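Novice: Residue numbers (the working numbering): 39 to 394. Just so you know, even glycine gets a beta-carbon here, dropped at the ideal spot from N, CA and C. Just so it is clear, the structure is predicted and the values come from calculations on it, not from any experiment.
(1) Can you give the beta carbon distance from residue 345 to residue 279, rounded, assuming they're within the 8 Å contact cut?
(2) I'd like to know whether the C-beta atoms of residue 295 and residue 320 end up nearer to each other than 8 Å.
(3) Where are the alpha helix (DSSP H) runs, 4 residues long or more, that stay fully inside the region 115-199, in chain order?
(4) Rounded to whole angstroms, what's the CA-CA distance from residue 48 to residue 83? Just pull it up for me.
(5) If we call anything under 8 Å between Cβ atoms a contact, is residue 57 one with residue 85?
(6) Which of helix, strand or coil does DSSP assign to residue 45?
(7) Please look up how many angstroms separate the CB atoms of residue 176 and residue 153, rounded, as I've assumed it's under 8 Å.
(8) Between the region 207-215 and the region 298-309, do three or more beta carbon pairs fall short of 8 Å?
(9) Using a Cβ-Cβ cut-off of 7 Å (strictly less than) and excluding sequence neighbours within five positions of residue 394, which residues of its own chain qualify?
(10) Under a three-way DSSP split, which group does residue 58 fall into?
(11) Let me check understanding here. Comparing Cα to Cα, which of 109, 147, 141 lies closest to residue 129?
(12) Hey, which unbroken runs of the beta strand (DSSP E) at 3 residues or more fall wholly within the region 203-228?
(13) So for residue 348, helix, strand or coil by DSSP?
(14) Judging by CA-CA distance, which residue of 99, 183, 134, 236 is the nearest neighbour of residue 163?
(15) State whether the region 59-67 contacts the region 106-124, with contact taken as three or more CB pairs (one from each stretch) at a distance under 8 Å.
(16) Tell me, please, which residues DSSP counts as bridged to residue 107.
(17) Look at the alpha carbon of residue 90 and the alpha carbon of residue 356, and state the distance between them as a whole number of angstroms.
(18) So, at 6 Å on beta carbons, what are the nonlocal neighbours of residue 165 in its own chain, with the 5 sequence-adjacent residues on each side left out?
(19) Can you tell me which of 132, 96, 97, 155 puts its alpha carbon nearest to the alpha carbon of residue 45?
(20) If you draw a straight line from the C-alpha of residue 260 to the C-alpha of residue 293, how long is it?
(21) Which first and last residues belong to the beta strand (DSSP E) in which residue 263 is found?
(22) Can you tell which of 289, 197, 348, 286 has its C-alpha closest to the C-alpha of residue 220?
(23) Just to confirm before moving on: does the CB-CB distance between residue 366 and residue 347 stay below 8 Å?
(24) Find the nearest neighbour of residue 235 within the set 341, 161, 330, judged by alpha-carbon distance.
(25) In this structure, how does DSSP classify residue 315 when only helix, strand and coil are distinguished?
(26) List the whole-angstrom C-beta distance separating residue 185 from residue 179, where the pair is believed to meet the contact cut-off of C-beta under 8 Å.
(27) Assuming residue 43 contacts residue 171 under a Cβ cut-off of 8 Å, what Cβ separation, rounded to an integer in Å, is found between them?
(28) Should residue 174 be flagged as near chain C, meaning a C-beta pair shorter than 8 Å?
(29) May I have the straight-line CA-CA distance separating residue 72 from residue 311, to the nearest angstrom?
(30) Please say whether residue 313 and residue 336 have beta carbons closer to each other than 8 Å?
(31) Rounded to the nearest angstrom, what separates residue 99 and residue 268 at their Cα positions?
(32) Quick check on DSSP: helix, strand or coil for residue 75?
(33) Do you know offhand how far residue 339's Cα is from residue 328's?
(34) Does residue 343 come out as helix, strand or coil in the three-state DSSP assignment?
(35) Beta-carbon separation of residue 159 and residue 203 under 8 Å?
(36) Keeping to the same chain, check which residues put their C-beta closer than 8 Å to that of residue 117; ignore five residues upstream and five downstream.
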């Protein structure tokens, strides 16, 4: 039996036909995890043609996993323009894959535009489907209340229509977007960590840090901050971290930040850092090409920062914890209750660089 998984991941196909992603969380190992139950995984995702000579990225396809390429778009306006082509591609895929043998299961990762179009077609054909709820769209759109209300209602309706629902939270998203009575609901955080992702012992604070605060000396070297996340939308809060670094530097605190991420807001965030005079204090890396590079970045940092305006249960925070890296994160989503129990994690109110 095979499974079709609709995802918001944007992939790239290079000249030799390989489908690649800059995001380790969207690479082959993530999708291969379904092979424990299914014989084949078909990934319904947007695929763009790469530029000549572009060979960088993490493979998506492999044994048992292949991609069903969909028309690419970026942003709501482009989605509106490409919607007919996207709907047509998904209609053809469902018609081809859902035959009399019914040997195909359908799952959509929501919230998401690709998943929403697929669900519309599945409901039209009365085909059963499952959902993986990976975030709260109402929090993502919190600054646009009418849009947040409509998107939240849509996600709630999708969950009530599903035949099985998994959530990345233990109870937060379940309480906001429940399935209808009698439908299986489960908690699947989705953070697949391997033995090599863990360190055996807690890390010690650098000796040159000393004790900070009123009446105490300041760190003898800059404190190295790290954040990792998509810049496709602003909810990861990288702009907030830039403002926070500027504020700390203006108060004489020696800090430096590394921001890892790419997306349509990347140049905007870089310009924000330059405008605040942080050209030498904030380093930007578009992407890390392997799990080993992610581990190296975490090991080189002193504090991991997650300034998100919304979250589910972010994988990267679990990865930071596995490397014994202290974290400061905004109090949103499912991870907040986990952080409450962790001695190396501090929570902050989302959206403000001056919060303490």
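Specialist: Looking at the atomic coordinates:
(1) 5 Å
(2) yes
(3) 151-163, 175-178, 183-199
(4) 7 Å
(5) yes
(6) In the displayed model, residue 45 falls within a strand according to three-state DSSP.
(7) Contact flag wrong, Cβ pair sits at about 16 Å.
(8) no
(9) Confidence in residue 394 is poor, its pLDDT being 45 and thus under 50, which makes the residue's placement too unreliable to answer from.
(10) strand
(11) 109
(12) Restricted to the region 203-228, the beta strand (DSSP E) segments that are unbroken, complete and at least 3 residues in length are 223-225, listed in chain order.
(13) coil
(14) 134
(15) Cβ pair count under 8 Å is below three, so no.
(16) 83
(17) Because the pLDDT of residue 90 is 46, which lies under 50, any placement of that residue in the model is unreliable, and the question is left without a value.
(18) 136
(19) 155
(20) When rounded, the distance between both Cα atoms is 5 Å.
(21) 261-266
(22) Nearest of 289, 197, 348, 286 to residue 220, Cα basis: 197.
(23) no
(24) 330
(25) Coil, per DSSP.
(26) About 5 Å separates the two Cβ atoms, so the contact holds.
(27) Contact doesn't hold; Cβ gap of about 14 Å is too wide.
(28) The structure shown contains no chain C; it is built from a single protein chain.
(29) A straight line joining the alpha-carbon of residue 72 with that of residue 311 spans about 41 Å.
(30) no
(31) 21 Å
(32) coil
(33) 17 Å
(34) strand
(35) no
(36) Closer than 8 Å at Cβ, skipping near neighbours: 111, 124, 151.
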